[in-house]
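Trainee: As you go down the protein sequences, you meet chains A and B in turn.
Residue numbers for the first sequence follow my numbering, so the first one is 187 and each next one is one higher.
Residue numbers for the second sequence follow my numbering, so the first one is 187 and each next one is one higher.
Built from N, CA and C at the ideal position, the CB exists for glycine as well.
The structure under discussion is supplied below as structure tokens; questions concerning it will follow.
There are 2 protein chains.
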Amino acid sequence: MTVSKTAADAVKVSRPVAKQDLDASSDDGLLQLGELSGLLGYALKRAQLRVFEDFLRCVAPLQLTPAQFSVLLLLDQNPGRNQTEIASTLGILRPNFVAMLDGLESRELCARMRSTSDRRSHIVVLTDKGRAVLARAKKLVANKHETRLIELLGPENHAALLDMLAKIAHEF
Amino acid sequence: MTVSKTAADAVKVSRPVAKQDLDASSDDGLLQLGELSGLLGYALKRAQLRVFEDFLRCVAPLQLTPAQFSVLLLLDQNPGRNQTEIASTLGILRPNFVAMLDGLESRELCARMRSTSDRRSHIVVLTDKGRAVLARAKKLVANKHETRLIELLGPENHAALLDMLAKIAHEF
DNA sequence: CGACGTTTGATATAACTGATAACAATTATC
DNA sequence: GATAATTGTTATCAGTTATATCAAACGTCG
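Next up, the structure:
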């Protein structure tokens, strides 16, 4: 999982000029990001916005947001779970998950069923339609979205990237 | 009130996987992220939230958000620019940048000056206080925030990560 | 010059996300 | 059986992001 190459050109210090004008259209060129380009949080946010944007475009025919897609995926992988479990796994607060589930349920992609063992909780299940939409979404994501990312980065860099991001999310 | 009709659809669970309980606390363990852990967008968002959270904590004594910090950094690096240039470089829409600048200006971290060459535009300048706060913020970010990240990932992995994120943001 | 279109900062507004408090129904604990 | 805790839900609020519009100032071109 070690990331090869590309470590060299990480530093590009091109700051040849040190004038200050205070006015009069200064430079007219692109602005210097400066130390901003070394800020991981900034790079993360920019990359995340770009990836989500492309995700939305690729999966547009199915009208699924990244969050909705993640819910369907999680439901498929974890049958028999209630709302609190699904929501908290995805980092969604329970109150906010209600409206989200309402949306999916109104499209008949999933359904709430009262648990027989605990009549407080709703077990969330994928409907057949939900499974079908999920299957189509997975193909779109894999073929039109992730493929391009892997192509851009290279397969082992892509894997290393996932590794590092998971490490940040869990161990930082 | 929402579960009534599609109960029949839902029970159609035909998974190659073995166990299916449909109820009764199924597994009780942690939920399986499954293919979600291979989704770059998901990993990106989770990592970004974590990094921002830590950034806020580290720089809390100065009461600066990541966005505000990025504005101060950009102002320092690019004197003599107007609001539109600063905002668009950071991906902030001009209308939203107004309130943001108001906040920074009310704390006397920066100031708007009417340009003499174009009386429409406001040139945004760092005040001395702004420069001082920025300097302290940079130290906090470098020592308490980025250092821990580099330590977690290793220096060359950290550099490679920045590279890949920039590549995604600009070439994807 | 002067009419026309454009740009800049600003306001208002809407949509969406994230977070907190509170509540009824149900379950767990003592 | 009284009390506390949990589940889904509602209401609400702060924060972010997006669009339309406006007046002032600028540029262009006839």
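Nearest CA to the CA of S307/A: which residue from V284/A, L230/A and G215/A?
Mentor: Residue V284/A is the option with its Cα nearest to S307/A.
Trainee: Determine whether the beta carbon atoms of L261/B and L312/B lie at a separation below 7 Å.
Mentor: The answer is yes: Cβ separation under 7 Å.
Trainee: Measure the alpha-carbon distance for A273/B versus P265/A and round it to whole angstroms.
Mentor: Taking the straight line from one Cα to the other gives about 46 Å.
Trainee: Can you list, in chain order, the residues of its chain whose CB lies under 8 Å from that of R236/B, leaving out five sequence neighbours each side?
Mentor: The answer is none, since no qualifying residue turns up.
Trainee: So, helix, strand or coil for R267/B, using DSSP?
Mentor: R267/B falls in the coil class under three-state DSSP.
Trainee: Provide the residue span of the alpha helix (DSSP H) that contains V245/A, from first to last.
Mentor: Where V245/A is concerned, there is no enclosing alpha helix (DSSP H), given that its DSSP letter is neither H nor E.
Trainee: Against chain A, with Cβ distances strictly below 7 Å, would E294/B count as a contact?
Mentor: Output row for E294/B: interface = no.
Trainee: Can you tell me where the alpha helix (DSSP H) holding L347/B begins and where it ends?
Mentor: L347/B -> alpha helix (DSSP H) spans P341 to E357.
Trainee: What in chain B is Cβ-close to V284/A, meaning under 8 Å?
Mentor: What V284/A touches in chain B: nothing, since even the nearest Cβ is about 11 Å away.
Trainee: Given a cut-off of 7 Å, decide if Q234/A and Q234/B are closer than it, judged by their beta-carbon atoms.
Mentor: Going by C-beta atoms, Q234/B is nearer than 7 Å to Q234/A.
Trainee: Please report the straight-line C-alpha distance between N268/B and R300/B, rounded to a whole angstrom.
Mentor: N268/B and R300/B: Cα-Cα distance of roughly 9 Å.
Trainee: Spell out whether any CB of chain B is found under 7 Å from the CB atom of Q218/A.
Mentor: With 7 Å as the cut-off, Q218/A counts as an interface residue toward chain B.
Trainee: Could you work out which residue in E357/B, Y228/B and L335/B is closest to T275/A when comparing CA atoms only?
Mentor: Closest option to T275/A, Cα to Cα, is Y228/B.
Trainee: The stretch 220 to 249 of chain B: which residues have C-beta closer than 8 Å to a C-beta of chain A, in chain order?
Mentor: Answer set for the stretch 220 to 249 of chain B: G220, E221, L222, S223, G224, L225, L226, G227, Y228, A229, L230, K231, R232, A233, Q234, L235, R236, V237, F238, D240 and F241.
Trainee: Which residues, taken in chain order from the stretch 254 to 275 of chain B, show a beta carbon closer than 7 Å to some beta carbon of chain A?
Mentor: Against chain A - using a Cβ distance shorter than 7 Å - the residues of the stretch 254 to 275 of chain B are S256, L259, L260, Q263, N264, P265, G266, R267, E271 and T275.
Trainee: Output, in chain order, the set of chain A residues within a Cβ distance shorter than 8 Å of L339/B.
Mentor: Neighbours of L339/B on chain A, chain order: M350, K353 and I354.
Trainee: Against chain B, with Cβ distances strictly below 7 Å, would L154/A count as a contact?
Mentor: What the structure shows of chain A is the stretch from 187 to 358, and residue 154/A is not part of that stretch, so it cannot be assessed.
Trainee: Any chance the stretch 213 to 227 of chain B sits against the stretch 346 to 357 of chain A, with 3 or more Cβ pairs inside 8 Å?
Mentor: The stretch 213 to 227 of chain B, when compared against the stretch 346 to 357 of chain A, does touch it at the 8 Å Cβ threshold.
Trainee: Between P281/A and chain B, is there a C-beta pair that is closer than 7 Å?
Mentor: Taking Cβ atoms only, chain B never reaches closer than 7 Å to P281/A, which makes this a no.
Trainee: L335/B touches chain A at which residues, Cβ-Cβ below 8 Å?
Mentor: Correct list: L226, I354 and F358.
Trainee: In whole angstroms, what separates the C-alpha of K330/B from that of C244/B?
Mentor: Using only the alpha carbons, I get a separation of about 6 Å.
Trainee: Distance check for K315/B and G340/A, CA to CA, integer angstroms please.
Mentor: So the two alpha carbons sit approximately 45 Å from each other.
Trainee: In the DSSP output, what is R300/A paired with across the bridge?
Mentor: Bridge partners of R300/A: H308/A.
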